[in-house]
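Below you'll find the structure, written out as structure tokens, and then a few comments.
2 protein chains.
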Amino acid sequence: MSDLESVYRDAITTRLMRRMSHALQHDLKSPIQGIQWALELALKSVAAEGTDPKARAQVEKAVDMARKELARLDKTSRAFLNDSGITDDTEQRFDLGEVVRETVRHFVTDAAMRNVRLTVDVPAVPVHVRGFRGGVSQAVLTCVLHALDSAPDGGLADVALKVEGEEAVIEIGDDALVPAGVDDPFGLGVLGIRLAQTFIESHGGVMRVTPRANGKRRRMCMAVPLDREPA
Amino acid sequence: MSDLESVYRDAITTRLMRRMSHALQHDLKSPIQGIQWALELALKSVAAEGTDPKARAQVEKAVDMARKELARLDKTSRAFLNDSGITDDTEQRFDLGEVVRETVRHFVTDAAMRNVRLTVDVPAVPVHVRGFRGGVSQAVLTCVLHALDSAPDGGLADVALKVEGEEAVIEIGDDALVPAGVDDPFGLGVLGIRLAQTFIESHGGVMRVTPRANGKRRRMCMAVPLDREPA
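Those protein sequence lines, which keep their order, are chains L and G.
Residue numbers are given in our numbering: position 15 of the first sequence equals residue 15, and the series is strictly consecutive.
Residue numbers are given in our numbering: position 33 of the second sequence equals residue 1033, and the series is strictly consecutive.
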């Protein structure tokens, strides 16, 4: 299979999934709803007077545990349907700090397997921006992956989110040398970075890649406007 | 955005998701595991002697309901991770009847919105084949979608799975006229069908598209070898 052919195959996968979005959303949501009803029923079963208070307390504790896991599952599957391009990527206000933290968390195992140290530094308070969450998330994912893929064994990839004036700035540094050979033009790195830059810049942001030079590490930098609360 | 550019974008989505497969699998599985534990705890809470038998029966019923939904969710998310190209598509024995039924089920709403009648005819017994479930599923999906997209308003798309000798044969018929114009070379139809054919034929199957002619409807036909139980 040629490189371009594999690009086509991967594109078709996303397109098929997107066309099934209604059914897929339903398939993930409907059991979650069903479990919620079952948990309510369990609570009602021990709510009657005369029920042993200890049994009631234990069932309530179990239902509480299950509800927390269910909420986590619901949140995860929503983010997942959004970021995988299955549901429409609508313009929204979101916490860029959460996106950056989650992105890095998703690659902890990957980094460990490559023996690359991966660090993340995000403000403790939310950093709200407005835009297409899926597109921004993909841009961040692409840059983090590119850093991981290029860092040498024992190297470091560091991700930081900062607030600078009216902008949220994501900086990703790595130890990549300037590539000596020719990159795969259909690879995740070359294609992905180009698309990320196009996306960020067509949505009011700025993206630059500064190669390693003068003793400084390679840096990928994205800046997007903050969405401050009205005072 | 050019057509090819959108192909690249969609391909990157799949590639990013695939790279996060371990983390995504964990994120979907870990809450399911957590809910299972919580349900066990609820059962144990009412198992003690002296618990009101009615309350116990109701909690058991609720847990039973929740477990069924949980099993459904688990199955759905596994199929989903496989078919979306997120987890590796491993060679396995699977029921082609289930794949065909599920595929059609996923497009019932789509068909209704286009006012196309979509029918499915699958044997009542499992039709086992061996191969890459994700690839076969994508080929079937692509053909069903292509039939739906090409059928005129009020038209019919029919999907049938038959066993013929040592082969499982999927036939998809539609009322599509031979296209008058030039198809989008990067569209789901043209690209998808070409890739589906390449996939099916490189895995021991046969795929043909017979255009509408001589009063007969257009037919897309895929044949793959059966995997019979050893006698």
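Cβ atoms here follow ideal geometry from the backbone N, Cα and C, with glycine treated the same way.
Since we're looking at a predicted model, the values are computed, not measured.
Query: Residues within the segment 1142-1160 of chain G neighbouring chain L, beta-carbon criterion of under 8 Å; Result: T1142, L1145
Query: Within-8 Å CB hit, M1222 (chain G) to chain L; Result: no
Query: Delimiting residues of the beta strand (DSSP E) encompassing T1119 (chain G); Result: 1117-1121
Query: Contact set between the segment 109-129 of chain L and chain G, restricted to residues whose Cβ is under 9 Å from the partner; Result: T109, D110
Query: Whole runs of the alpha helix (DSSP H) within the segment 87-171 of chain L, excluding any shorter than 4 residues; Result: 96-106, 108-114, 133-150
Query: Three-state secondary structure (DSSP) of L70 (chain L); Result: helix
Query: Chain G residues whose Cβ lies nearer than 8 Å to that of F80 (chain L); Result: L1024, D1027, L1028
Query: Q138 (chain L): contacting residues in chain G (beta-carbon distance under 9 Å); Result: R1009, I1012, T1013, L1016
Query: Closer than 8 Å to chain G by CB, I172 (chain L); Result: no
Query: Separation of R19 (chain L) from Q25 (chain L), as counted between CA atoms; Result: 11 Å
Query: Within-8 Å CB hit, E167 (chain L) to chain G; Result: no
Query: Separation of T1119 (chain G) from E1102 (chain G), as counted between CA atoms; Result: 12 Å
Query: Chain G contacts from the segment 87-104 of chain L (Cβ-Cβ distance under 8 Å); Result: none
Query: Strand pairing of P225 (chain L), partner residues [DSSP]; Result: L:E167
Query: Rounded separation between V279 (chain L) and D153 (chain L) - CA only; Result: This structure gives no information on residue 279 (chain L), because the portion of chain L shown stretches from 1 to 231.
Query: Beta-carbon contacts of A1193 (chain G) that lie in its chain and below 8 Å, excluding the five residues immediately before and after; Result: Reading off the sequence, residue 1193 (chain G) comes out as Ile, not Ala. T1142, C1143, H1146, V1209, M1220, listed in sequence order.
Query: Chain G contact for R19 (chain L) (CB, 8 Å cutoff); Result: yes
Query: Spatial distance of D1083 (chain G) from V163 (chain L) (CA atoms); Result: 40 Å
Query: Expected contact under 8 Å - CB spacing of L1161 (chain G) and V1129 (chain G) to nearest Å; Result: That pair is no contact at about 10 Å.
Query: Neighbour flag for G1063 (chain G) against chain L, beta carbons, 8 Å; Result: It should be noted that the sequence gives Val, not Gly, for residue 1063 (chain G). Judged by the 8 Å Cβ criterion, V1063 (chain G) is in contact with chain L.
Query: Where M1113 (chain G) falls, given that 16 or more other Cβ within 10 Å makes a residue buried; Result: exposed
Query: Near-chain G residues of the segment 187-208 of chain L (beta-carbon distance less than 7 Å), N- to C-terminal order; Result: L188, L191, G192, L195
Query: Amino acids of chain L, ordered along the chain, whose beta-carbon sits closer than 8 Å to that of L1041 (chain G); Result: Q58, K61, A62, M65
Query: Exposure of G50 (chain L), with buried meaning 16 or more beta-carbon neighbours within 10 Å; Result: exposed
Query: Terminal residues of the beta strand (DSSP E) in which M1207 (chain G) lies; Result: 1206-1210
Query: Nearest-angstrom Cβ-Cβ length linking V136 (chain L) and V224 (chain L), presumed shorter than 8 Å; Result: 7 Å
Query: For D1110 (chain G), the nearest candidate out of L:H22, L:M207, L:V122, L:G204 (CA to CA); Result: L:H22
Query: Buried or exposed (CB count within 10 angstroms, at least 16 for buried), P1031 (chain G); Result: buried
Query: M1220 (chain G) in three-state terms, based on DSSP; Result: strand
Query: Residues sharing a beta bridge with A1213 (chain G), DSSP; Result: G:K1216
Query: Nearest candidate by alpha-carbon position, reference G1165 (chain G), set G:E1091, G:D1227, G:R1015, G:T1076; Result: G:D1227
Query: Integer Cβ distance of E91 (chain L) from G131 (chain L), believed to fall under 8 Å; Result: 6 Å
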